[in-house]
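*Asks:* Let me begin by handing over the structure; questions about it come next.
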Amino acid sequence: MVGVTGVDHTPPVEAAVAVAAVGAVSAGALALGSVLGGTVGALGVAVTLVGVLRGRLSAVGGGATLSGFGLLLAGLGNAPPGSLLVGAVGTVLLWDLGDHAVGIGQQLTAEAEAGRLVAVHAAVSVAVGIAVASVGYGIFTAASGGQPAVGVLFLLAGAIGLAVALR
Amino acid sequence: MTRVIETERWAGIAAVALVPIGLGVFTEHPPFVLAGIVGVGYAAYARGDTVPTPALRIERTLDPPTPEPGEDVTVTVEIHNDGGFLPDLRVIDGVPAALAVDDTARFGTALRGGGSARYQYTLTAVRGEHEWEPVTAIVRNASGSREARVEVDTQTTLQCHPELDATSTLPLRGLTAPFSGRVPTDVGGSGLEFYATREYRHGDPVRRLDWARLARTGELSTLEFREERAATVVLLIDSRRKAYRSPDPEERNAVERSVEAATQAFSALLDSGDRVGVAALGPGECWLPPNTGSDHRAAARELFTAHPSLAATPLEDRFLPTTWLVKFRRRLPADAQVVFFSPVVDDFAVQTARRLDAYGHLVTVVSPDPTTDETAGTQLARVERSNRLSALRSSGLRVVDWGEETPLETELERSARRWSA
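Top line first, the protein sequences correspond to chains R and W. My numbering applies: residue 6 is where the first sequence begins, and numbers increase by one. My numbering applies: residue 12 is where the second sequence begins, and numbers increase by one.
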């Protein structure tokens, strides 16, 4: 996005690469679970990518939301837990990396050097995603192994409680 | 003092996470809950992530440290992190207002504790003394949920001296001081150019006798030559806020061009033996009394470089025109002529020039043209300015209208030819 001052505020290219990589994994995982979910997810990734390249925050938000819809469609299409988990992490990362990239573009302009900043942020966010997914998946398999209904119920109660606490 | 603010970029993630959880309950499809947990996990991460307290040191080096006007200067900023790991550090250097950066003075990085990072940018030096503002550093935590802003100060000053090269000579008017110089006067005496003959008076030098006439008529008469004298000149630079005009923000403003012209004129006049002084029509005290010599040259160089009244950005102080004129007249030597550098963007400049001329200080106006013809408004401004210049010319003042593209030498040459014709 070129403002009235003539300063180029598009995000750094490294950020677009990171978003594309995360998006490819996310949409791929959703596609493995459900074709419809994967398609919508891929569409969301594309929109996010355009948003990052152009420095438009609305496009990044719209793309991530579309990816979220893809996730829900995949879930309704009875996608396996692993596929949903990767899709969910991917969707959050799409928003996180996209928003971060647009912010850098706005604040530091396209000409500023920010490769390391983007790389460190992406690495930490991905690591957190993997950690959350692993813990979640561990609890999920442990809980749904014996008594599915009770285990999932506890998980559900815990998740809602945490969500409310963190609101 | 660092103040931590919430960026709220993760706001609503927990609420969004409830959507798949709710859908999972309705559809009785447990994997949905798993997707929701991811959102809850990220919310917890953002919530628990604290922002590190930045402890930064900045070093700034300029290459070259004292550039010529118009020269490119490479600025290297080195950031040392004396605190803990900073996952998200954004640095914006406090570039002085008058200097234009070619690329960008901003930089983003992650910096480990004890580590350092450096970046460079280039800017174009302009005349003057420029001091850097503190560096603004924005530190965020890894999730970006909180940020802290600090200003880190480090003293850096760019000194850019104008060149005092005499590339053009300024044609002066006939008001002179009683010292020999280069301005031809209407006074007969010893000189180069023939002026008149007069009756011989006792004591006239024999060398100046008109021998031809003596041979022809037998009468004694004396040849007179035009005396060439030195002038006392005060270079007056219009540096009121109004005079800081330029055709577009990238171009140099009229005050900068005025000062550039004044530096050239200063050296040229000093070299030809004239006494030169400098004053500013604007806020602040700026007055260098007319004088000669190398000390005076050094003082002028310092004044052109560092005086706040002549800086590339306007001075904030108030300007009182009437008081200024009274004071200026009191200081101005009676035999001084004035070279007035002004874009002539308002009637006050015209009035001042006319008034000084009326007081007997012959005025030459050198006017850098800041107008353009891009819009109807700017065209009007251009017409108004040319009317003002016409008014000045019709009151008998010499005016050099100095366009953006033409070098000053060319314009002076052209004007000199017109004036002598």
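Cβ coordinates follow ideal geometry from the N, Cα and C atoms, glycine included. These numbers come from a predicted model, not from an experiment.
Compare the C-beta of Glu420 (chain W) against all C-beta atoms of chain R and say whether one is closer than 9 Å.
*Replies:* Residue numbering aside, residue 420 (chain W) sits at position 409 when the second sequence is read from its first letter. False, the Cβ-Cβ gap to chain R never drops below 9 Å.
*Asks:* Run through the segment 335-385 of chain W for me and flag every whole alpha helix (DSSP H) of 4 or more residues, listed as ranges in chain order.
*Replies:* For the segment 335-385 of chain W, whole alpha helix (DSSP H) runs of length 4 or above, ordered along the chain, are 358-369.
*Asks:* Does the beta carbon of Tyr56 (chain W) sit closer than 9 Å to a beta carbon anywhere in chain R?
*Replies:* Here residue 56 (chain W) refers to the residue found at position 45 when the second sequence is read from its first residue. Yes - at least one Cβ of chain R is within 9 Å of the one on Tyr56 (chain W).
*Asks:* Taking C-alpha atoms, which residue in R:Leu54, R:Ser31, R:Val55 lies nearest to Thr44 (chain R)?
*Replies:* Residue mapping note: residue 44 (chain R) aligns to position 39 of the first sequence, counting from 1. The shortest C-alpha separation from Thr44 (chain R) is found at R:Ser31.
*Asks:* Report the rounded CA-to-CA distance for Val270 (chain W) versus Ala207 (chain W), giving the unit in angstroms.
*Replies:* To locate residue 270 (chain W), count along the second sequence from 1; it is residue 259. To locate residue 207 (chain W), count along the second sequence from 1; it is residue 196. For Val270 (chain W) and Ala207 (chain W), the distance between alpha carbons rounds to 41 Å.
*Asks:* Under three-state DSSP, which class holds Tyr56 (chain W)?
*Replies:* Stepping through the second sequence from its first residue, residue 56 (chain W) is reached at position 45. DSSP places Tyr56 (chain W) in helix when its eight states are reduced to three.
*Asks:* Can you find the residues in the same chain that come closer than 6 Å, C-beta to C-beta, to Arg123 (chain W), ignoring five residues on each side of it along the sequence?
*Replies:* The residue labelled residue 123 (chain W) in the question sits at position 112 within the second sequence. Counting only Cβ-Cβ distances below 6 Å, and skipping sequence neighbours, we find Phe96.
*Asks:* What does Gly119 (chain W) touch in chain R if you count any residue whose Cβ is under 9 Å from its own?
*Replies:* One-based indexing of the second sequence puts residue 119 (chain W) at position 108. Result: Pro17, Ile109, Gln112, Leu113, Ala117, Glu118, Ala119, Gly120, Arg121, Leu122, Val123.
*Asks:* Sorted by chain position, which residues of the same chain lie with C-beta nearer than 7 Å to Thr120 (chain W)'s C-beta, five sequence neighbours on each side aside?
*Replies:* Position 109 of the second sequence, counted from the first residue, corresponds to residue 120 (chain W). Excluding sequence neighbours, Thr120 (chain W) sits near Leu100, Ala128.
*Asks:* What residues from chain W crowd round Gly46 (chain R), counting only those whose CB sits closer than 8 Å?
*Replies:* Against the first sequence, residue 46 (chain R) aligns to sequence position 41. Going along chain W, no residue has its Cβ under 8 Å from Gly46 (chain R), so there is no contact; the nearest lies around 12 Å.
*Asks:* Rounded to the nearest angstrom, what separates Arg441 (chain W) and Val350 (chain W) at their Cα positions?
*Replies:* Residue 441 (chain W) lies beyond the stretch modelled for chain W, which goes from 12 to 432, so this question has no answer here.
*Asks:* If you count every other CB in all the chains shown that lies within 10 Å of the CB of Tyr255 (chain W), and 16 or more means buried, which is it?
*Replies:* Here residue 255 (chain W) refers to the residue found at position 244 of the second sequence. Buried.
*Asks:* So is Gly141 (chain R) in contact with chain W if we call contact Cβ pairs under 9 Å?
*Replies:* Indexing the first sequence from 1 puts residue 141 (chain R) at position 136. Answer yes: the Cβ-Cβ gap between Gly141 (chain R) and chain W drops below 9 Å somewhere.
*Asks:* Check Val9 (chain R) in the structure and name its three-state DSSP category.
*Replies:* Counting from 1 along the first sequence, the entry for residue 9 (chain R) is found at position 4. For Val9 (chain R), the pLDDT reaches just 45, beneath the cut-off of 50, and the residue's location in the model is therefore unreliable, although a value from the coordinates is still provided. Val9 (chain R) falls in the coil class under three-state DSSP.
*Asks:* Of all Cβ atoms in chain W, is any one closer than 9 Å to the Cβ of Ser72 (chain R)?
*Replies:* Along the first sequence, one-based indexing puts residue 72 (chain R) at 67. No, its Cβ sits nowhere closer than 9 Å to a Cβ of chain W.
*Asks:* Would you mind telling me which residues of chain W sit closer than 9 Å to Leu160 (chain R), beta carbon to beta carbon, in chain order?
*Replies:* As a working mapping, residue 160 (chain R) is identified with position 155 in the first sequence. Result: Pro41, Val44, Leu45, Ile48.
*Asks:* In chain order, what residues of the same chain have a beta carbon less than 6 Å from the beta carbon of Ala387 (chain W), not counting five sequence neighbours either side?
*Replies:* Walking along the second sequence from the start, residue 387 (chain W) turns up at place 376. Closer than 6 Å at the Cβ level, and outside the excluded window around Ala387 (chain W), lies no residue.
*Asks:* Spell out whether any CB of chain C is found under 9 Å from the CB atom of Leu58 (chain R).
*Replies:* Chain labels in this structure do not include chain C; the protein chains are R and W.
*Asks:* Would you mind telling me which residues of chain R sit closer than 9 Å to Val36 (chain W), beta carbon to beta carbon, in chain order?
*Replies:* Within the second sequence, the letter at position 25 stands for residue 36 (chain W). By Cβ distance, chain R contributes Leu161.
*Asks:* Return the CA-CA distance between Leu20 (chain R) and Val355 (chain W), expressed in angstroms with no decimal places.
*Replies:* Here residue 20 (chain R) corresponds to residue number 15 of the first sequence, with the count starting at 1. Here residue 355 (chain W) corresponds to residue number 344 of the second sequence, with the count starting at 1. Reading off the sequence, residue 20 (chain R) comes out as Ala, not Leu. Using only the alpha carbons, I get a separation of about 51 Å.
*Asks:* Does Leu331 (chain W) come out as helix, strand or coil in the three-state DSSP assignment?
*Replies:* Taking the second sequence and counting its residues from 1, one reaches residue 331 (chain W) at position 320. Correct three-state label for Leu331 (chain W): coil.
*Asks:* Taking contact to mean 3 or more Cβ pairs, one atom from each stretch, closer than 8 Å, check whether the segment 321-332 of chain W and the segment 234-246 of chain W are in contact.
*Replies:* Short answer: they don't touch.
*Asks:* For chain W, find out if any of its Cβ atoms is closer than 9 Å to the Cβ of Met6 (chain R); answer yes or no.
*Replies:* Residue numbering aside, residue 6 (chain R) sits at position 1 when the first sequence is read from its first letter. Any answer about Met6 (chain R) is weak, because its pLDDT of 39 lies below 50 and its placement is not dependable; what the coordinates show is given next. For Met6 (chain R), the answer is no, since every Cβ of chain W falls outside 9 Å of its Cβ.
*Asks:* State the Cα-Cα distance for the pair Ala29 (chain R) and Val91 (chain R), rounded to the nearest angstrom.
*Replies:* Locating residue 29 (chain R) in the first sequence gives position 24, where the first residue counts as 1. Locating residue 91 (chain R) in the first sequence gives position 86, where the first residue counts as 1. Ala29 (chain R) and Val91 (chain R): Cα-Cα distance of roughly 11 Å.
*Asks:* Using a Cβ cut-off of 9 Å (strictly closer), state whether Gly33 (chain R) contacts chain W.
*Replies:* As a working note, residue 33 (chain R) is residue 28 in the first sequence. So, not an interface residue.
*Asks:* Is it true that the segment 65-72 of chain R meets the segment 114-126 of chain R, where meeting means three or more beta-carbon pairs spaced less than 8 Å apart?
*Replies:* Result no; under three Cβ-Cβ pairs closer than 8 Å.
*Asks:* For Arg399 (chain W) and Val361 (chain W), which I take to be in contact (beta-carbon distance under 8 Å), what is that distance rounded to the nearest angstrom?
*Replies:* Position 388 of the second sequence, counted from the start, is the residue given in the question as residue 399 (chain W). Position 350 of the second sequence, counted from the start, is the residue given in the question as residue 361 (chain W). The Cβ separation is near 5 Å, so the contact holds.
*Asks:* Chain R partners of Ile32 (chain W), CB-CB under 9 Å?
*Replies:* Position 21 of the second sequence, counted from the first residue, corresponds to residue 32 (chain W). Here the neighbours are Leu161, Ala164, Ile165, Ala168.
*Asks:* What number of angstroms, rounded off, separates the C-alpha of Glu79 (chain W) from the C-alpha of Ala279 (chain W)?
*Replies:* Here residue 79 (chain W) is taken as the residue at index 68 of the second sequence, counted from 1. Here residue 279 (chain W) is taken as the residue at index 268 of the second sequence, counted from 1. For Glu79 (chain W) and Ala279 (chain W), the distance between alpha carbons rounds to 19 Å.
*Asks:* So which residues on chain W does Gly129 (chain R) lean against when the C-beta distance must stay under 8 Å?
*Replies:* Stepping through the first sequence from its first residue, residue 129 (chain R) is reached at position 124. For the sequence presented, residue 129 (chain R) should be read as Val rather than Gly. The contacting residues are Pro98, Ala153, Ser154.
*Asks:* Which residue marks the beginning of the alpha helix (DSSP H) containing Trp298 (chain W), and which one marks its end?
*Replies:* Reading the second sequence from its first residue, position 287 is the one you call residue 298 (chain W). Careful: Trp298 (chain W) lies outside any alpha helix (DSSP H), inside the beta strand (DSSP E) at 298-302.
*Asks:* Starting from Asp282 (chain W) and walking both ways along the alpha helix (DSSP H), at which residues does that stretch end?
*Replies:* Counting from 1 along the second sequence, the entry for residue 282 (chain W) is found at position 271. 265-282 is the extent of the alpha helix (DSSP H) around Asp282 (chain W).
*Asks:* Is it the case that the Cβ atoms of Arg184 (chain W) and Ala272 (chain W) are separated by a distance below 9 Å?
*Replies:* Taking the first residue of the second sequence as 1, we reach residue 184 (chain W) at position 173. Taking the first residue of the second sequence as 1, we reach residue 272 (chain W) at position 261. Not closer than 9 Å, so no.
*Asks:* Identify the continuous alpha helix (DSSP H) that holds Pro86 (chain R) and give its terminal residues.
*Replies:* Here residue 86 (chain R) corresponds to residue number 81 of the first sequence, with the count starting at 1. Counting along the chain, the alpha helix (DSSP H) containing Pro86 (chain R) begins and ends at 86-113.
*Asks:* Starting from Asp306 (chain W), trace the beta strand (DSSP E) both ways and give me its first and last residue.
*Replies:* Within the second sequence, residue 306 (chain W) is the residue found at index 295, counting from 1. Taken as a continuous stretch (DSSP letters only), Asp306 (chain W) belongs to no beta strand (DSSP E), being part of the alpha helix (DSSP H) at 305-317.
*Asks:* DSSP beta-bridge partners for Leu161 (chain R)?
*Replies:* Locating residue 161 (chain R) in the first sequence gives position 156, counting from the first residue. According to DSSP, Leu161 (chain R) bridges with nothing at all.
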